[in-house]
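Add 1208 to a position in the sequence shown, counting from 1, and you land on the number used in this note's numbering. Note that the Cβ used here is the ideal one computed from N, Cα and C, for glycine as well.
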Amino acid sequence: APTPCAEGSYNNRTARWMASQCAPCGEGHACGVGASHETMCTAGTVANSSGMASCAACSAGSFQSGSGETACRTCPQGSHCAEGASAALPCESGRYGAAEGLAANDECTLCPPGSACTTGATQPKACNPGSAANTSGLGSCVPCSPGEFQNETSAIACKPCSIASYCAGEGSSAPTPCP
1209 APTPCAEGSY NNRTARWMAS QCAPCGEGHA CGVGASHETM CTAGTVANSS GMASCAACSA
1269 GSFQSGSGET ACRTCPQGSH CAEGASAALP CESGRYGAAE GLAANDECTL CPPGSACTTG
1329 ATQPKACNPG SAANTSGLGS CVPCSPGEFQ NETSAIACKP CSIASYCAGE GSSAPTPCP
């Protein structure tokens, strides 16, 4: 009677055969006990050597978008990758990812006051004159309200318009002297 192939190998013959006729599964593929064909690793998993019984999930902080692959890729800056990820996900608005290989969104750093971080940011962006960010974790700086101005970058608050001047509209970067 035929003997099934051990895990990590396969035999695609239909006639009677022996276990010695089994071939090892190739890299990027896996074979369970008695396999008649190689099974390609799916996205998020890899087989880095031949003769593997199962594909291994990419570890947290890495991903693999292709099928039949032998190695996971490091999650790039501005993103995070959970275990078994088939794609990198961007750090959420209000956070940034300066490092590679982050495993979860909470490993992305909160944007500090005086700056903003858009989705997928790798560094905080300083608030421009005419705006401020008074707390951490903001996705955008807040324009100064009418009657206020801010002439510096990275501000955490807007300044009241000075006496004998006015600050019309939102986002003033300097007071305008009264006529």
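Tell me, please, which residues DSSP counts as bridged to residue i.
i: Arg1281; result: Phe1271
i: Val1254; result: Ala1264
i: His1237; result: Met1248
i: Ser1348; result: Per DSSP, none; premise fails for Ser1348.
i: Glu1356; result: Pro1368
i: Thr1317; result: Tyr1304
Report yes if the C-beta distance between residue i and residue j is below 8 angstroms; otherwise report no.
i: Ala1251; j: Ser1294; result: yes
i: Cys1366; j: Ser1353; result: yes
i: Pro1284; j: Thr1327; result: no
i: Ser1381; j: Asn1359; result: yes
i: Ile1364; j: Pro1321; result: yes
i: Ala1324; j: Ala1341; result: yes
i: Thr1253; j: Gln1229; result: no
i: Ala1311; j: Ala1290; result: yes
i: Thr1282; j: Gly1309; result: yes
i: Phe1357; j: Pro1383; result: yes
i: Ser1275; j: Gly1347; result: no
Any idea if residue i is buried or exposed, counting beta-carbon neighbours within 10 angstroms, 16 or more meaning buried?
i: Pro1387; result: exposed
i: Gly1355; result: exposed
i: His1288; result: buried
i: Thr1397; result: In this structure the chain extends from 1209 to 1387, so residue 1397 is not present and cannot be described.
i: Arg1303; result: buried
i: Gly1377; result: exposed
Can you round the beta-carbon distance between residue i and residue j to whole angstroms, since I take them to be within the 8 angstroms contact cut?
i: Cys1249; j: Gly1240; result: With 8 angstroms as the limit, Cys1249 and Gly1240 do not qualify as a contact, their Cβ atoms being about 13 angstroms apart.
i: Cys1266; j: Gly1292; result: 6 angstroms
i: Glu1246; j: Gly1234; result: 6 angstroms
Have a look at the options and flag the residue whose alpha-carbon is nearest the alpha-carbon of residue i.
i: Met1260; options: Tyr1218, Ala1334, Tyr1374 and Gly1347; result: Tyr1218
i: Ala1307; options: Pro1232, Arg1221, Cys1213 and Gly1269; result: Gly1269
i: Cys1163; options: Gly1305, Ala1324, Ser1323 and Gly1309; result: A query on residue 1163 cannot be resolved here, the shown segment of the chain reaching from 1209 to 1387 and no further.
i: Ser1257; options: Pro1351, Ala1238 and Thr1247; result: Ala1238
i: Gly1379; options: Glu1246, Glu1300 and Cys1335; result: Cys1335
i: Ala1159; options: Cys1263, Ala1264 and Asn1220; result: Nothing can be reported for residue 1159, as the shown portion of the chain is limited to 1209 through 1387.
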